[in-house]
């Protein structure tokens, strides 16, 4: 169940990044990011209320909030890059370093992946630069206890909104989107929150190192959609990277 949840999270994130990237080309990326986090807060809070928690500890909320700081920063820079860069380049770059850092931290925190899982981890490309916000998002959220339910995700959305609020307050005109793009931005953020919920459930059932890598395979979907719908070109190295990601998925699921 853990690998399936992590892969479903990856699909959600892939759709979110593609749609959010397209929206960031029509509206200011800062507005898309901020309204998206508001949408994520609404969905996460509703889900947390509908799924009661056994015991919400302050430490779990703090881990969730720290994860939200990473989310806010990662989405800000990701949407900024997508507003003028190619899907098939920006999204994979944003993910790779986050995966590497998360896996290393997971091992340091006590994870012991099997030999097959290690092979899958090694096959994920690690030669690109990316935001550490992705790693912070995944590592911190995975530290929240299962008894806290989905409240760590909701706490993270609060923190993400607060992180982005100063920039939004300095440029309030950026947030004045027409009704349709505004609703679309909120829905994109709600999708991102759903992806994090699925990741949290996966991390509670799977080694952190494996859950992170599987959930972080989301760049494959924006790349494919970018090639098919936006007619972007994929370099030979990127084609090899996508193939490696596919093989890694199989190995990690088996490991």
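In the working numbering, the protein residues as written are 87 to 341. The C-beta atom is built at its ideal place from N, Cα and C for all residues, glycine as well.
task = Name the residue from 282, 287 and 266 whose alpha carbon lies nearest to the alpha carbon of residue 113.
result = 266
key: Pick from 315, 134, 245 and 130 that is closest to residue 235, judged by C-alpha positions   = 134
ask   = Do residue 163 and residue 250 come within 7 angstroms of each other at the CB atom, strictly closer than that value?
value = no
ask   = I think residue 118 touches residue 110, with their Cβ atoms under 8 angstroms apart; what is that distance to the nearest whole Å?
value = 5 angstroms
key: Assumed close pair residue 122, residue 242 - CB separation to whole angstroms, cut-off 8 angstroms   = Not really, about 13 angstroms apart at Cβ, beyond 8 angstroms.
query = Leaving out five residues before and five after residue 95 in sequence, what residues of the same chain have Cβ atoms less than 7 angstroms from its Cβ?
reply = 281, 284, 285, 288 and 301
query = Using CA coordinates, which residue listed in 152, 252, 160 and 143 is at the minimum distance from residue 99?
reply = 160
task = For residue 233, collect the residues of the same chain with a Cβ closer than 6 angstroms to its Cβ; drop the 5 residues on either side in sequence, then sort them by chain order.
result = 140 and 141
message = Buried or exposed for residue 89, going by 16 or more other Cβ atoms inside 10 Å?
response = buried
ask   = What's the C-alpha gap between residue 87 and residue 128?
value = 26 angstroms
inquiry  = Tell me the rounded alpha-carbon separation between residue 149 and residue 169.
reply    = 30 angstroms
request  = Rounded to whole angstroms, what's the CA-CA distance from residue 152 to residue 246? Just pull it up for me.
outcome  = 9 angstroms
ask   = Rounded to a whole number of angstroms, what is the C-alpha to C-alpha distance between residue 216 and residue 223?
value = The pLDDT assigned to residue 216 is 41, lower than 50, so where the model puts this residue is not dependable; a value taken from the coordinates is nonetheless given after this. Cα to Cα, the separation comes out at about 13 angstroms.
inquiry  = Can you find the residues in the same chain that come closer than 7 angstroms, C-beta to C-beta, to residue 268, ignoring five residues on each side of it along the sequence?
reply    = 121
request  = State the start and end residues of the unbroken alpha helix (DSSP H) segment that holds residue 140.
outcome  = Neither: residue 140 is in no alpha helix (DSSP H) and is coded neither H nor E.
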